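Chemist: One structure, pasted below without further comment.
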Amino acid sequence: MSGPVPLLEAVDLSKHYRVGSWLGGRVTVRALDGVSLAVWPGETLGLVGESGCGKSTLARCVLRLTEVTAGQVRFDGIDITRTSQRALRPLRRQMQIVFQDPSASLNPRRRAGDLIAEPLRVHGRRSPADIRVRLVELMHLVGLHPDHLGRFPHEFSGGQRQRIGIARALALSPRLIIADEPVSALDVSIQAQIINLFMDLQERLGLTYMFISHDLRVVRQVSTRMAVMYRGAIVELGSTEAIFRAPAHPYTAALMASVPEAEAEARLPEQLPAGDGRGEMPEATGCRFQPRCPMARDRCRDEAPPLRDLGAGRVVACHFPLTEGEAHDAARPAC
Amino acid sequence: MEVRDLAIAFRTEAGLVRVVDNVSFSVAEREIVGIVGESGSGKTLSLLAVIGLIQDPNAVITGSLRYKGRELIGLAPRRLHRIRGREIAMIFQDPMTALTPVYTIGWHIVEQIRAHADISRRAARRRAIELLGEVGLPDPARQADRYPHQLSGGQRQRALIAIALSCNPSLLIADEPTTALDVTVQVQILRLLERLRRDFGSAVVLITHDMGVVAELADRVMVMYAGRIVECGTREDVFRQPGHPYTWGLMRSIPPLHGAKPRRLAAIPGSPPSPAERPAGCPFRPRCIFRHAPCLDQPALYARGGQEIACFLIPEGSDPEHATPAVDAA
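Chains A and B supply the protein sequences, listed in that same order.
So in numbering that gives the first Met the number 0, spot 189 of the first sequence is number 188, and the numbers just go up one at a time.
So in numbering that gives the first Met the number 0, spot 247 of the second sequence is number 246, and the numbers just go up one at a time.
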């Protein structure tokens, strides 16, 4: 499926926030620190990481919902990092976002039909009859009954509300959809329905997804390639299948070992040393995962590991990437 | 603890709405019982009733709740208060809302200890610091003087567990204790809960929507749907041979972590009914792929080995697994 040009490309993207510290001084928070990735037409790039790792900031930056500090965002080969909002408008139609909590992202005082039609009214000069036809089409597409266009968001269940969120994102026939934790707020049985819907829509409409989730199971199900983020940087990127078979970064391995198994034989997974990747101030030098890494050596403290190529489109930011055989042991801290 | 025929209903303008119905279960000493269900299945409400925290005047609670042989329903609030906190403690999903932001972590624990035991403030503080250490917070003396917002989510949940443990409860009710946490932190908290049983001998009731969490921790599993228990049994039995179509569907809805990736997930169609619009008969009937004529009546819990399953397929001897041999229940 890979075309010659990625549909979306982030090149060395950084987003820093200056925040006032309660001690007086000002602190720079590196929400994103030199992130590069490409999303190819027709694929799903999964983006995993824990809260605060910068996944959502990345989504906002590539959509130009926030201005980046440094680096470049290219859509279909066009640099949109510093394009004026006006020049951006035609491109905006081609990239849409689906949010986590549909009850928070849908205006409760407007009917489903209005909510879904809003992008059509903002972006196009369509006749009301045209819009009506498109609305019915969209409702069918996301598996809702067109009779329910007149309902308010609270009259739908959580899963149905997310379907409205998706219909709204699809209204302008975008090429790229950025889905930011779109199933995290849903019950398990509903979650599966929405995951299936995303996959069906991709097949029918040839969509490209950047799919953000903290849930490794979900990412494995939907994505062809995945990127793992830790504290504002990508620590591993490559084919989903290859990464699941043998994670190369100790953090990826730990993350995978932490997912509870839904099988009877399950045992409690090994745990990482205490801490959750936030709070601690970043080391001035060295690997960002080093304070929690069970395999850290001296070099990890002194020298930040660059992203290195493992072949077959796989990159990892680790001095001592795990090879096939060690992948399992590495999840178990020595201490 | 033993719960018999617990039913909770609310008086509303539209009449009496039954939210929890016919719930019976027991928790033995040192046992970890997992209660699984989707939002609105009545899992939290049932346990709130157990500790007497349903104070809505429109709530009608019937049935029997015996704790160490003593009936809790109808007990005077003052006597219930003495049991709650000291004997039965509860921790909630969101540790931020359970803590008062204007007081330190240490204050919360000291307050709890002194509410139930007659000891000096200084001794209580010593105990508080000890507890914070036991739940795995580094530098507990310093943590005791910090405010809730200065702790991370995982640390707050640990602090909350320390509060719950302060009176050595013999039963700990944990309502989605790890749902708001990252996976690597979740593991730490689950570990801690398991250690509680080992070191303190507490029984734990774990309420969760996450089958994985239950599979890791619980000795016995109860699955709730639309206010009723639809299946219960040992963890091994329920996970290896789920008997109720709902349990079975729930497991197949979870994307697999290993092995072949299904092209589509076997989602359960539709969504859980709200308490006011639950169908007559089997509440799962509208979403069930195995529904047939008898399902218009409410099935009782039928025994199959050590399992109990509320489904008419069980007495007929054909559980879903046999009905569709091609699918892998994992």
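Using N, Cα and C, we set each Cβ at its ideal position, and we do this for glycine too.
Since the model is a prediction, treat every value here as computed from it, not as a measurement.
Check distances from the C-beta atoms of the segment 204-216 of chain B to those of chain A and list, in chain order, the residues that come in under 8 Å.
Modeler: Result list: His208, Asp209, Met210, Gly211, Val212, Ala214, Glu215, Leu216.
Chemist: To the nearest angstrom, how far is the alpha carbon of leucine 249/B from that of isoleucine 189/A?
Modeler: Rounded to whole angstroms, leucine 249/B to isoleucine 189/A spans 10 Å at the Cα level.
Chemist: Please look up how many angstroms separate the CB atoms of valine 221/A and valine 227/A, rounded, as I've assumed it's under 8 Å.
Modeler: With 8 Å as the limit, valine 221/A and valine 227/A do not qualify as a contact, their Cβ atoms being about 15 Å apart.
Chemist: Are the C-beta of serine 55/A and some C-beta of chain B separated by less than 9 Å?
Modeler: It does not; no Cβ of chain B falls within 9 Å.
Chemist: Any residues in the segment 30-61 of chain B with a beta carbon nearer than 8 Å to a beta carbon of chain A? Which ones, in chain order?
Modeler: Cβ contacts with chain A come from Glu37, Ser38.
Chemist: Which bits of chain B does glycine 158/A rub up against, with CB to CB less than 7 Å?
Modeler: Here the neighbours are Ser270.
Chemist: Is it true that the CB of serine 38/B sits closer than 9 Å to the CB of proline 241/B?
Modeler: Not in contact: proline 241/B and serine 38/B (Cβ atoms no closer than 9 Å).
Chemist: Output the distance between the C-alpha atoms of arginine 10/B and glycine 232/B, rounded to the nearest integer angstrom.
Modeler: Each residue's alpha carbon lies about 33 Å from the other.
Chemist: Do aspartate 11/A and alanine 103/A have their CB atoms nearer than 9 Å?
Modeler: No. Outside cutoff.
Chemist: Would you report the Cα separation of isoleucine 163/A and glycine 123/A, rounded to the nearest angstrom?
Modeler: Going from the Cα of isoleucine 163/A to the Cα of glycine 123/A covers about 20 Å.
Chemist: Once DSSP output is grouped into helix, strand and coil, what is the label at phenylalanine 9/B?
Modeler: If DSSP states are grouped into helix, strand and coil, phenylalanine 9/B belongs with the strands.
Chemist: With 7 Å as the limit, tell me which residues of the segment 235-248 of chain B have their beta carbon closer than that to any beta carbon of chain A; keep them in chain order.
Modeler: Hits within the stretch, in order: Glu235, Phe238, Arg239, Gly248.
Chemist: Chain B partners of aspartate 186/A, CB-CB under 8 Å?
Modeler: Within chain B, the residues near aspartate 186/A are Glu37, Ser38, His208, Ser270, Pro271.
Chemist: In the DSSP assignment, find the unbroken alpha helix (DSSP H) run with glutamine 95/A in it and report its ends.
Modeler: Here glutamine 95/A belongs to no alpha helix (DSSP H); instead the beta strand (DSSP E) covers 94-97.
Chemist: Write down every uninterrupted run of the beta strand (DSSP E) in the segment 218-281 of chain B whose length is 3 residues or greater and which is fully enclosed by it, in chain order.
Modeler: Fully enclosed beta strand (DSSP E) runs of 3 or longer: 219-224, 227-233.
Chemist: DSSP state of alanine 232/A, grouped into three classes?
Modeler: Three-state result, alanine 232/A: strand.
Chemist: Have a look at Gly112/A, Leu171/A, Asp129/A and flag the residue whose alpha-carbon is nearest the alpha-carbon of histidine 147/A.
Modeler: When only C-alpha atoms are compared, the closest one is Gly112/A.
Chemist: What did DSSP end up calling glycine 276/A once you bin it into helix, strand or coil?
Modeler: Any answer about glycine 276/A is weak, because its pLDDT of 49 lies below 50 and its placement is not dependable; what the coordinates show is given next. Three-state result, glycine 276/A: coil.
Chemist: Near glutamine 181/A, what residues of its chain come up, given a Cβ to Cβ distance below 6 Å and the 5 sequence neighbours on each side ignored?
Modeler: Note that residue 181/A is proline in the sequence shown, not glutamine. Closer than 6 Å at the Cβ level, and outside the excluded window around proline 181/A, lie Val97.
Chemist: Should arginine 277/A be flagged as near chain B, meaning a C-beta pair shorter than 9 Å?
Modeler: In this prediction, arginine 277/A has a pLDDT of 47, which is less than 50 and means its spatial position is unreliable; nothing more can be read from the coordinates.
Chemist: Is the shortest distance between the beta-carbon of leucine 215/A and the beta-carbons of chain B less than 9 Å?
Modeler: Cβ-Cβ to chain B under 9 Å: yes for leucine 215/A.
Chemist: Check this for me: beta carbons of leucine 137/A and alanine 184/A, under 9 Å apart or not?
Modeler: Result no, Cβ atoms of leucine 137/A and alanine 184/A do not sit closer than 9 Å.
Chemist: Since I believe valine 134/B is in contact with arginine 157/B (beta carbons under 8 Å), could you give me their beta-carbon distance rounded to a whole number of angstroms?
Modeler: Going by Cβ atoms, the distance from arginine 157/B to valine 134/B rounds to 4 Å, so yes, they are a contact pair.
Chemist: Hey, quick one: how far does the alpha helix (DSSP H) through methionine 209/A stretch, first residue to last?
Modeler: That residue, methionine 209/A, is in no alpha helix (DSSP H); its beta strand (DSSP E) goes 207-212.
Chemist: For valine 315/A, does the three-state DSSP call read helix, strand or coil?
Modeler: DSSP places valine 315/A in strand when its eight states are reduced to three.
Chemist: Give a yes or no on whether 9 Å exceeds the smallest Cβ distance from proline 259/A to chain D.
Modeler: Protein chains A and B are contained in the structure displayed, whereas chain D is not.
Chemist: Please specify which runs of the alpha helix (DSSP H), each continuous and at least 4 residues long, are wholly inside the segment 136-220 of chain B, giving them in chain order.
Modeler: Listed in chain order, the complete alpha helix (DSSP H) runs (minimum 4 residues) inside the segment 136-220 of chain B are 139-143, 152-164, 182-199, 210-216.
Chemist: Beta-carbon of phenylalanine 151/A versus every beta-carbon of chain B: anything under 9 Å?
Modeler: For phenylalanine 151/A, the answer is no, since every Cβ of chain B falls outside 9 Å of its Cβ.
Chemist: Could you confirm whether any beta carbon from chain B is found closer than 9 Å to the beta carbon of leucine 12/A?
Modeler: Not one chain B Cβ lies under 9 Å of leucine 12/A.
Chemist: On the DSSP bridge list, what partners appear for glutamate 8/A?
Modeler: The partner list for glutamate 8/A (beta bridge, DSSP) reads Ala37/A, Arg73/A.
Chemist: Looking at the structure shown, is glutamine 54/B part of a helix, part of a strand, or coil, going by DSSP?
Modeler: If DSSP states are grouped into helix, strand and coil, glutamine 54/B belongs with coil.
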